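Student:
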Amino acid sequence: YNSSNKSKVESKSKAWVVEHIYRAIGSKHNPVKGIKMVHLDSHPDLLIPVNMPADTVELSIENWIMPMVYAGHVSHVAWLHPYWAQQIKEGHHSMCVGKDSSTTTIRVTSTDYYFLSDALYVPLDQLENSKELQLNDNDVQLKRGIPCTSSSQPLDGGTASGNGSHTIMKADEGSTSCITERLSAVIEPSDPFILDIDLDFFSCKNPFKEMYTQSLVFQEQLLGCVERLTHQLEDLEAAFAELVEDDGQETVERLAANPGMKSLVRLVHSLKNRTQSPDYEMVHQAGLTCDYSKLPHHISSEEEIRQMITAVQLFLESMPKPTIVTISRSSLDEYCPAEQVDSIQNGVLNILESLFGCLDVRREYESISSESTAQTP
Numbered sequence: 001y002n003s004s005n006k007s008k009v010e011s012k013s014k015a016w017v018v019e020h021i022y023r024a025i026g027s028k029h030n031p032v033k034g035i036k037m038v039h040l041d042s043h044p045d046l047l048i049p050v051n052m053p054a055d056t057v058e059l060s061i062e063n064w065i066m067p068m069v070y071a072g073h074v075s076h077v078a079w080l081h082p083y084w085a086q087q088i089k090e091g092h093h094s095m096c097v098g099k100d101s102s103t104t105t106i107r108v109t110s111t112d113y114y115f116l117s118d119a120l121y122v123p124l125d126q127l128e129n130s131k132e133l134q135l136n137d138n139d140v141q142l143k144r145g146i147p148c149t150s151s152s153q154p155l156d157g158g159t160a161s162g163n164g165s166h167t168i169m170k171a172d173e174g175s176t177s178c179i180t181e182r183l184s185a186v187i188e189p190s191d192p193f194i195l196d197i198d199l200d201f202f203s204c205k206n207p208f209k210e211m212y213t214q215s216l217v218f219q220e221q222l223l224g225c226v227e228r229l230t231h232q233l234e235d236l237e238a239a240f241a242e243l244v245e246d247d248g249q250e251t252v253e254r255l256a257a258n259p260g261m262k263s264l265v266r267l268v269h270s271l272k273n274r275t276q277s278p279d280y281e282m283v284h285q286a287g288l289t290c291d292y293s294k295l296p297h298h299i300s301s302e303e304e305i306r307q308m309i310t311a312v313q314l315f316l317e318s319m320p321k322p323t324i325v326t327i328s329r330s331s332l333d334e335y336c337p338a339e340q341v342d343s344i345q346n347g348v349l350n351i352l353e354s355l356f357g358c359l360d361v362r363r364e365y366e367s368i369s370s371e372s373t374a375q376t377p
């Protein structure tokens, strides 16, 4: 599948991967519950739109995993990421995902800043129909053959008390041998599992990097901060939606009169000085990336890409064959550099074929591209 947006908001892009996973469930290649997933990506993809009702299936590229957790399908996620992606604290995280009894939206019990910054935290006693998620994130280094002596818990360890995490970093952390040992502790040879690869794992751009910078950090008590941030996100989303329709002076001044919106006038004037027709939806998305867990940015050299593909091949060699492999190009919005994505894709497909034999490759992005071309006047 091909992504179109990985910023910290709900996007219009469909998560094409989900339909293929559900087909694998329907054909009994994957179980209905307790699915394990190995997720190679520069982004965790574990966000949830702050206002999405728990019982609504509305997925996009950055939020397709958590709804599957809430539905009871996915119970274990191993996020493998390069060293430049540090959105979530390294190590093991045990949490619950469920319906907030007060808002009926999906929320989590993790207090990691990745979730706090999107106002997604609630205490366990506030959740209904909660499901346990064991998350282990691992920094993949270009090292091999070093035994894993870190005492970080395996993927299925710990309890879902709400904010469990355990990390002790050692010098060999992230070596291919260490990654192999951690994955082997969870995925048995007979276990069906999903291998999900985003090509920005190998080379990653932040398309908002040079647009706008961090301007405000909130420091409140935990629950008070989450509540306040939720309202602010809702107000900002509504304001920028209104600017899309009308960004005239009267509208801007009216919106700026609302609490916390004073700087809107200066922002709109600055945007109009740069471009005649600002893309306010894009501006809002860029603003949402300016928090503690910024979007990663690292354009890899060809040698780095080659080494990372080799590292992935090394730890995949020791794993059982996945029931389904999903690959995201992430190139339409250049999260994976457009000039590198094809060569990266070819390299990844080559190692998959060498490991697992002849592949049945279905390129969804080609049909999407053809449809877009056909609709162009």
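Heads up: the sequence shown runs through residues 1 to 377, numbered per full-length UniProt numbering. Even for Gly, the Cβ is constructed at its ideal location relative to N, Cα and C. Given the structure is predicted, the values throughout are model-derived calculations rather than measurements.
Express the C-alpha separation of residue 279 and residue 198 in angstroms, rounding to a whole number.
Tutor: Reading the sequence shown from its first residue, position 198 is the one you call residue 198. Reading the sequence shown from its first residue, position 279 is the one you call residue 279. Taking the straight line joining both Cα atoms gives about 27 Å.
Student: Which ranges would you report for the beta strand (DSSP E) in the stretch 10 to 49 if only whole runs of at least 3 residues count?
Tutor: 35 to 40
Student: Here's the rule: buried if 16 or more other CB atoms are within 10 angstroms of the residue's CB, otherwise exposed. What is residue 70?
Tutor: Position 70 of the sequence shown holds residue 70. Buried.
Student: Fully enclosed by the stretch 79 to 139, which alpha helix (DSSP H) runs are 4 residues long or longer?
Tutor: Correct list: 113 to 116.
Student: In chain order, what residues of the same chain lie with their CB nearer than 6 Å to the CB of residue 347, ignoring the 5 residues before and after it?
Tutor: Translated into the one-based positions of the sequence shown, residue 347 becomes position 347. These residues qualify, in order along the chain: 309.
Student: With C-beta atoms as the reference, is residue 343 less than 8 Å away from residue 336?
Tutor: Residue numbering aside, residue 343 sits at position 343 when the sequence shown is read from its first letter. Residue numbering aside, residue 336 sits at position 336 when the sequence shown is read from its first letter. Their beta carbons are not under 8 Å apart, which means residue 343 does not touch residue 336 by this criterion.
Student: For residue 344, which three-state DSSP category applies?
Tutor: Within the sequence shown, numbered from 1, the residue matching residue 344 stands at position 344. In this structure, residue 344 counts as helix in the three-state DSSP scheme.
Student: Which first and last residues belong to the beta strand (DSSP E) in which residue 326 is found?
Tutor: Here residue 326 is taken as the residue at index 326 of the sequence shown, counted from 1. Run containing residue 326: 324 to 328, per the beta strand (DSSP E) assignment.
Student: Using the three-state DSSP reduction, which class does residue 336 fall into: helix, strand or coil?
Tutor: Residue 336 sits at position 336 when you count from the first residue of the sequence shown. Looking at residue 336 - three-state DSSP - the assignment turns out to be coil, as it is neither helix nor strand.
Student: Which one of 74, 89, 356 has the shortest CA to CA distance from residue 81?
Tutor: Taking the first residue of the sequence shown as 1, we reach residue 81 at position 81. Cα-wise, what sits closest to residue 81 is 89.
Student: Please classify residue 266: is it buried, with 16 or more other beta-carbons within 10 angstroms of its beta-carbon, or exposed?
Tutor: Position 266 of the sequence shown, counting from 1, holds the residue named residue 266. Counting Cβ neighbours within 10 Å, residue 266 comes out exposed, since fewer than 16 surround it.
Student: Going by DSSP, what residues sit across from residue 193 in a beta bridge?
Tutor: Translated into the one-based positions of the sequence shown, residue 193 becomes position 193. The partner list for residue 193 (beta bridge, DSSP) reads 36.
Student: On the three-state DSSP scale, how would you describe residue 263?
Tutor: Translated into the one-based positions of the sequence shown, residue 263 becomes position 263. Coil at residue 263, not helix or strand.
Student: If we ignore side chains and look at the alpha-carbon of each, how far apart do residue 181 and residue 312 end up?
Tutor: Within the sequence shown, the letter at position 181 stands for residue 181. Within the sequence shown, the letter at position 312 stands for residue 312. Rounded to whole angstroms, residue 181 to residue 312 spans 14 Å at the Cα level.
Student: Out of 50, 73, 102, 196, which has the shortest C-alpha to C-alpha gap to residue 232?
Tutor: Sequence index remark: in the sequence shown, residue 232 carries index 232 (1-based). Of 50, 73, 102, 196, the residue nearest in Cα terms is 50.
Student: With residue 256 as the anchor, note down where its alpha helix (DSSP H) starts and where it stops.
Tutor: By one-based count along the sequence shown, residue 256 stands at place 256. Residues 249 to 256.
Student: Around the Cβ of residue 360, are there at least 16 other Cβ atoms within 10 angstroms (buried) or fewer (exposed)?
Tutor: Looking up residue 360 in the sequence shown gives position 360. With fewer than 16 other Cβ atoms within 10 Å, it is exposed.
Student: Report buried or exposed for residue 296, applying the criterion of at least 16 other Cβ atoms within 10 angstroms of its Cβ.
Tutor: Locating residue 296 in the sequence shown gives position 296, where the first residue counts as 1. By the neighbour-count rule (16 or more Cβ atoms within 10 Å), residue 296 is buried.
Student: Given that a residue counts as buried once 16 or more other Cβ atoms are within 10 Å of its Cβ, and exposed if not, what is residue 67?
Tutor: Translated into the one-based positions of the sequence shown, residue 67 becomes position 67. Residue 67 comes out buried.
Student: Keeping to the same chain, check which residues put their C-beta closer than 6 Å to that of residue 189; ignore five residues upstream and five downstream.
Tutor: The count along the sequence shown starts at 1 and reaches residue 189 at position 189. 320.
Student: Between which two residues does the alpha helix (DSSP H) harbouring residue 312 extend?
Tutor: For the purposes of this step, residue 312 is taken as residue 312 along the sequence shown, with counting starting at 1. Segment 302 to 317, the alpha helix (DSSP H) holding residue 312.
Student: Would you please state the rounded distance, in angstroms, between the beta carbons of residue 43 and residue 85? I believe it to be under 8 Å.
Tutor: Position 43 of the sequence shown, counting from 1, holds the residue named residue 43. Position 85 of the sequence shown, counting from 1, holds the residue named residue 85. Right, their Cβ atoms sit about 7 Å apart.
Student: Can you check which of these residues, 177, 41, 328, 252, is closest to residue 79 by C-alpha distance?
Tutor: For the purposes of this step, residue 79 is taken as the residue at position 79 of the sequence shown. Comparing Cα-Cα distances from residue 79 to each of 177, 41, 328, 252, the minimum goes to 41.
Student: With C-beta atoms as the reference, is residue 135 less than 8 Å away from residue 93?
Tutor: The count along the sequence shown starts at 1 and reaches residue 135 at position 135. The count along the sequence shown starts at 1 and reaches residue 93 at position 93. Taking 8 Å as the Cβ cut-off, residue 135 and residue 93 qualify as a contacting pair.
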